[in-house]
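Q: The numbering of the sequence shown is the UniProt record's numbering, which starts it at 1 and goes up by one. Here it is: the structure, laid out below.
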Amino acid sequence: MVADTVHTTPLTIKSQAARRGPAPLDLLVAPGAPEHKTQKIEVAAALANIKLRITAAKDEAELTKLCPHAATVVLMTRNGPVTRSDAVLKYVSGLNPATELCGADGFGRGRVDQWLEFGTHELEVAVVAATTHAKNKEVVNRATKDVQQACRTLDAALQKTTYLAGDRVSAADCAVVCVLRAALKNQLIATSKLGPSLLRWYLTCLHAPAFSSILGADAKNDALKALPAGKAPTSKKTAAAKAKASPTAKAVADPRTLFTPTFARSRERLKELLGRGAAAVGATVVVAGWVRTLREAMKGATLFVELNDGSCLASIQVVCGSDSTEGFAAAKACGGAGASLRVEGAVVESPGKGQTIEILAKAITVLGCTRGGPGRTVGAQTYPLAKKYHTLEHLRTHAHLRPRSRVGSAVVRLRNALAFATHEFFQQRGFLYVHTPLITAADCEGAGEQFTVTTLLPPEHDKAPKLPTVDGRVDYSKDFFGRQASLTVSGQLNVETHAVSLADCYTFGPTFRAENSNTSRHLAEFWMIEPEVSFATLADDIALAEDYLKYCVAAALCRCADDLEFFEGSKNEGLRDRLKAIVETPFKRLEYTEAISVLQKEMKAGRAKFENTDVTWGIDLDSEHERYLTEKVYKGPVVLINYPKDIKAFYMKLNADGKTVAAMDILVPRIGEIIGGSQREDSLEVLEERAKSVGLNPEDIKWYGELRQYGSVPHAGFGLGFERLVMLCSGVENIRDVIPFPRTPGNCRF
Ligand SMILES: NC(=O)C[C@H](N)C(=O)O
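Here it is in structure tokens:
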């Protein structure tokens, strides 16, 4: 009996026993079995990090003894033999679900199966016929034709996808590559006749060590020879590509194909283990994490440990018995909540509610005790997160341990998903990620108060500073930069420089505002995403912003489903329905002028009661006005456009009416403004005029004006406060709870 576990190769030094890893799976191969039948299983095992031990059977009887209907291969699994090469291939592929070799979902599995069948019926049958009847010309001719037809079909299909079943390598690729190699070796088709897309795919697979180590260097070399000299495999050979292609270009592999997408660990992440669900029952696994709760039962002879490793919201229950778990005594004395453990054990079905599986621990190692007793003895008395529920305020004062809490970790996972979705969205659309500076020289942005960056203060901060002065003011010419410098309030002006050279750009980084606003929506340090697009108008900008916001919300719904369910359950009823509505409903566009009259009407009718009742054309709307529009009047996101020029920044494009600028704010329920952007003024004269009228020093924005002097183009952009996006998607109401270390007036702890 062997345990079917994922074999992991740790990067760090391990004990002798651990280095050996889980026992390999035995694969018995019949004499005379076609090579490709074992190769495809070996490739899949390599991709899935599963160890195989291949043994050649003496005769076929050895196989049929194990399994009467066996043919060519038999894999010995924990539950008994599995036979038929495709079945074995799929079994092995499925042992490491994280690799998604069998497909990520129902549709994916369908696609993998469809290509597996194609490989068997359209290719393998012909290859086997031609090799077993090599002397029969008729059979060989027929097989050759079939193989060529199959290759044409594959070439056409691979024009559209990286791999057979999409953009991830799958069990189907393992099977078809190996049988195709057999067809090539038997000269049923020449490599040069494979067709450009099929050849590209074949080479992409062979670049990956999992394939090349099993099929041999020959396979790759033969295929490389088939490439037209000096050209990368491409189906569209343009003149420019021909001229540019270097001899090395052909050997460049897509990095995603180089390794399996799993990081080799000495433990399994709970997300993956719990994701396997009941299918994991019977497996021996190693997990590690931190104790959420530890409970004794059976007069101390049994321990129930709720262990979490941060990979997902759910914890796993580990059951330890005094006579069945090595390290039981140490585990019992670990101090409980907060301690860190490594657990090796068997996955069993869980009788408990709300959990499919749990672990019966064979061995536990206490990595770190919780020391919270008197004199720091072991015990959880002072562990700040010992109880199950904590207020957000309590967690805020323990920001260093906050990610151990459910809400803290859910926020981090959501931030991660939204940051990834941001890059994914812009990268998919060909935008360039530009790194804009954090230290800037002049506040021409006007977006907010800035923090000065200076080295003029004495290193011993308690000493009375003697600042150099001229005319009674600080002389910044003596400062580090030779002038006053500040932390940036926005990357926009800098990213514009790149947008007017490279067209579509974005920046995503921290920004700083020294405003003394102690509200639940303001931070002194927050992250902002600022795309900037050339050859674009305000309408293009709004369309981009709407798509981007919907993309992020959809990413949160789809990739953080458990965390969002948790947020919804924490006094946030209807969260996911609200988010779905954002994805599904087109955003309302509303002129600022119209918004003012709507608000005035609402006030007149007694429906709206505002603290600030001065709602007249020309005012900068307060948050209460914005929220009223989005929550009460339109009940969904609203894009307000064309604001009075006097309340907006100098760089916004003046509209033909001379009174308004092509600016937009996107307002969402519960948050208010989430996005602010504009088409930028592209006329040098108007820009200079506007800058002067707001009192800017022309010298400070000379470089900015030059962007209009040399080939000015219409361009537009926006800024989205990342934390507000996290608030929107989580329903968390205080911005301090959606950033790991909030910086607010009077608070710079941790
Ligand atoms: N990039 C932008 O349009 C955002 C704008 N600069 C702001 O700080 O609000």
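Here a beta-carbon is modelled for each residue, glycine too, at the ideal position from N, C-alpha and C.
If you draw a straight line from the C-alpha of Leu385 to the C-alpha of Arg84, how long is it?
A: Each residue's Cα considered, the two are about 53 Å apart.
Q: Taking its Cβ as the centre, do 16 or more other Cβ atoms sit within 10 Å of Cys174, making it buried, or is it exposed?
A: Label assigned to Cys174: buried.
Q: Under three-state DSSP, which class holds Ser486?
A: Three-state result, Ser486: strand.
Q: Kindly examine ligand 1 and report whether one of its heavy atoms sits closer than 8 Å to the Cβ of Glu117.
A: Because no heavy atom of ligand 1 lies under 8 Å away, the Cβ of Glu117 does not count as near it: no.
Q: Is Ala530 near ligand 1, judged by its Cβ being under 8 Å from some heavy atom?
A: Per the sequence presented here, residue 530 reads as Glu, with Ala not at that position. For ligand 1, at least one heavy atom lies less than 8 Å from the Cβ of Glu530.
Q: Does the beta-carbon of Met76 have 16 or more other beta-carbons within 10 angstroms, so that it is buried, or is it exposed?
A: It counts as buried.
Q: Can you tell me which residues form a DSSP beta bridge with Cys178?
A: Answer is none; Cys178 lacks a bridge partner.
Q: Grouping DSSP H, G and I as helix and E and B as strand, with all else coil, what is Ala581?
A: Helix, per DSSP.
Q: Can you tell me where the beta strand (DSSP E) with Tyr506 in it begins and where it stops?
A: Taken as a continuous stretch (DSSP letters only), the beta strand (DSSP E) holding Tyr506 covers 504-512.
Q: So, with DSSP's three-state summary, where would you put Pro644?
A: If DSSP states are grouped into helix, strand and coil, Pro644 belongs with the strands.
Q: With Glu306 as the anchor, note down where its beta strand (DSSP E) starts and where it stops.
A: Counting along the chain, the beta strand (DSSP E) containing Glu306 begins and ends at 302-308.
Q: State the DSSP-derived secondary structure class of residue 754, mapped to helix, strand or coil.
A: Outside the shown range of the chain, which is 1 to 750, sits residue 754, and nothing can be said about it.
Q: Quick check on Glu568: does DSSP put it in helix, strand or coil?
A: Helix, per DSSP.
Q: Using the beta-carbon count (16 or more within 10 Å), is Arg404 buried or exposed?
A: Arg404 is buried by the Cβ-count criterion.
Q: Starting from Gln355 and walking both ways along the beta strand (DSSP E), at which residues does that stretch end?
A: Premise fails: Gln355 is in no beta strand (DSSP E) and is neither H nor E.
Q: Looking at the unbroken alpha helix (DSSP H) that takes in Ser93, where does it start and where does it end?
A: Where Ser93 is concerned, the enclosing alpha helix (DSSP H) stretches over 85-94.
Q: Using 8 Å as the cut-off, classify the Cβ of Gly491 as near or not near the heavy atoms of ligand 2, replying yes or no.
A: No copy of ligand 2 appears in this structure; the ligands present are ligand 1.
Q: Quick one: give me the first and last residue of the alpha helix (DSSP H) that Leu629 is part of.
A: No alpha helix (DSSP H) contains Leu629, which DSSP labels as neither H nor E.
Q: Under DSSP, the beta strand (DSSP E) around Val378 begins and ends at which residues?
A: Looking at the DSSP string, Val378 is not in any beta strand (DSSP E), and its letter there is neither H nor E.
Q: In terms of alpha-carbon separation, which member of Thr455, Pro459, Gln39 lies closest to Val474?
A: Of the candidates Thr455, Pro459, Gln39, the one whose C-alpha sits nearest the C-alpha of Val474 is Thr455.
Q: Distance, Cα to Cα, Lys231 vs Ala543?
A: Note that Lys231 has pLDDT 49, beneath the 50 cutoff, so the model's placement of it is unreliable and no number is given.
Q: Report the three-state DSSP secondary structure of Trp617 (helix, strand or coil).
A: Of the three classes helix, strand and coil, the one that applies to Trp617 here is coil, per DSSP.
Q: If we ignore side chains and look at the alpha-carbon of each, how far apart do Gly731 and Phe567 end up?
A: Roughly 7 Å separates the two Cα atoms.
Q: Say whether chain D places a C-beta atom closer than 9 Å to the C-beta of Lys135.
A: The displayed structure is made up of one protein chain only, and chain D is not part of it.
Q: Residue range of the beta strand (DSSP E) that Ser340 falls in?
A: That run of the beta strand (DSSP E) goes 340-349.
Q: Relative to the C-alpha of Ala499, which candidate in Arg708, Leu25, Gln149 has its C-alpha closest?
A: Taking only the C-alpha atoms, the option nearest Ala499 is Arg708.
Q: Would you identify the three-state DSSP class for Ala663, choosing helix, strand or coil?
A: Note: Ala663 maps to strand in three-state DSSP.
Q: Among the candidates Thr440, Thr55, Ala165, Lys588, whose CA atom is the shortest distance from the CA of Phe107?
A: Among Thr440, Thr55, Ala165, Lys588, the Cα nearest to that of Phe107 belongs to Ala165.
Q: What residue range does the alpha helix (DSSP H) around Val411 cover?
A: Val411 -> alpha helix (DSSP H) spans 406-428.
Q: For His121, name the three-state secondary structure that DSSP assigns.
A: Correct three-state label for His121: helix.
Q: For Ala33, which of Leu101, Thr131, Arg627, Ala331 has the nearest alpha-carbon?
A: The residue with the shortest Cα to Cα distance from Ala33 is Thr131.
Q: Helix, strand or coil: which one does DSSP assign to Pro531?
A: Looking at Pro531 - three-state DSSP - the assignment turns out to be strand.
Q: What is the DSSP secondary structure of Ser678, reduced to helix, strand or coil?
A: Here Ser678 sits in strand by DSSP.
Q: Does the distance from the C-beta atom of Ala183 to that of Leu199 stay below 9 Å?
A: Contact: no.
Q: Could you say which of Val169, Ser311, Arg181, Asp504 lies nearest to Phe425 if we only look at CA atoms?
A: Out of Val169, Ser311, Arg181, Asp504, Asp504 has the C-alpha closest to the C-alpha of Phe425.
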